[in-house]
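In this note's numbering, the protein residues as written are 7 to 263.
In structure tokens, the structure reads:
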């Protein structure tokens, strides 16, 4: 699974890397908080917190007559709450942070979102805890897993939903997301049996394409995503506290010796 990750890229890098057309719901000048997401880097992102996602939606009809290429999806960057609540749920008390790619097309919780509401979740890396991997052979050893030297930004496959409390039909919409996972390849499976589904850049357009909605096409799209080449390093235990932040969380543990 993926239950904690980092995003410490700045706003200009994300907008340029993902070719963003529109930024919503973030403020580059304010301090980060759970209720007011900002561009401020975060080294320790946990479930129920806001995460930045990339979404592809069709341009509104009013713009089609004015812009020749308005039929192309508009790419947005905006915060969503990490932990998906399906649109039909009676309450928002049991959000799901991960969805298995092998069953996501069939599970009632996810099958609508995977076909029409896919997103990308930018990250510089994620954390996993290896049971029995601590120096004493009994505790859990945290590992930081990234795309290699410098921890470049990559993108988790995500899905999102909009939910509103059925007892308050005029209330605000809650926008939530989940990260897709797959079986971990040899070499990483000693740390954890599941790993996020990482979408390579050449597949970003297809993954975000709101016109790709058939079950067969989405299944084919997921099947073509290769295993990401990831690197691991043991890090300190401070990341276990969700309040901990800062670059020291991703420093190799041997640098602390």
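Backbone N, C-alpha and C define an ideal beta-carbon position, used for all residues, glycine too.
In terms of residues, what are the limits of the beta strand (DSSP E) holding residue 84?
80 to 88
Could you spell out where the alpha helix (DSSP H) holding residue 147 opens and where it closes?
From DSSP, residue 147 is part of no alpha helix (DSSP H) but of the beta strand (DSSP E) over 146 to 152.
Given residue 123, which residues of its chain have a CB within under 7 Å of its CB, disregarding the five upstream and five downstream residues?
165, 166 and 167
For residue 73, count neighbouring Cβ atoms within 10 angstroms of its own Cβ and tell me buried if that reaches 16, exposed if not.
The predicted model places residue 73 with a pLDDT of 46, which falls under 50 and marks its position as unreliable, so this point remains unresolved.
Indicate the three-state DSSP secondary structure (helix, strand or coil) for residue 217 in the structure shown.
coil
Should the segment 215 to 227 be regarded as contacting the segment 90 to 103, the criterion being three or more beta carbon pairs within less than 8 Å?
no
If you draw a straight line from the C-alpha of residue 36 to the C-alpha of residue 192, how long is it?
Annotation note: pLDDT 41 at residue 36 (below 50); position unreliable, no value reported.
From residue 259 to residue 47, what does the alpha carbon distance come to, in whole angstroms?
21 Å
Boundaries (first-last residue) of the alpha helix (DSSP H) holding residue 103:
Premise fails: residue 103 is in no alpha helix (DSSP H) and is neither H nor E.
Please classify residue 62: is it buried, with 16 or more other beta-carbons within 10 angstroms of its beta-carbon, or exposed?
buried
Output needed for residue 241: all residues of its chain with C-beta closer than 8 Å, excluding positions within five of it in sequence on either side, in chain order.
133, 148, 149, 150, 255, 256, 257, 258 and 259
In this structure, how does DSSP classify residue 241 when only helix, strand and coil are distinguished?
strand
Roughly how far, in whole angstroms, is the beta-carbon of residue 155 from the beta-carbon of residue 15, given that I think they are within contact range, below 8 Å?
In fact, because the Cβ distance is near 15 Å, the residues do not count as touching under 8 Å.
Can you tell me whether DSSP reads residue 210 as helix, strand or coil?
helix
Suppose you measure from the CA of residue 144 to the CA of residue 136; what does that come to, to the nearest Å?
10 Å
To which residues of the same chain is residue 105 closer than 6 Å at the C-beta, ignoring the five residues directly before and after it?
116, 184 and 186
Given that a residue counts as buried once 16 or more other Cβ atoms are within 10 Å of its Cβ, and exposed if not, what is residue 169?
buried
Taking Cβ to Cβ, would you say residue 160 is nearer than 7 Å to residue 204?
yes
Please tell me whether, using a cut-off of 6 Å, the distance from the CB of residue 145 to the nearest non-hydrogen atom of the ligand MN is below it.
With respect to small molecules bound, the structure shown includes none, and the ligand MN cannot be examined in it.
The alpha helix (DSSP H) that contains residue 19, what's its start and end?
17 to 23
Is the beta carbon of residue 22 less than 7 Å from the beta carbon of residue 84?
no
Of the residues 243, 238 and 261, the one placed nearest residue 130, counting alpha carbons only:
238
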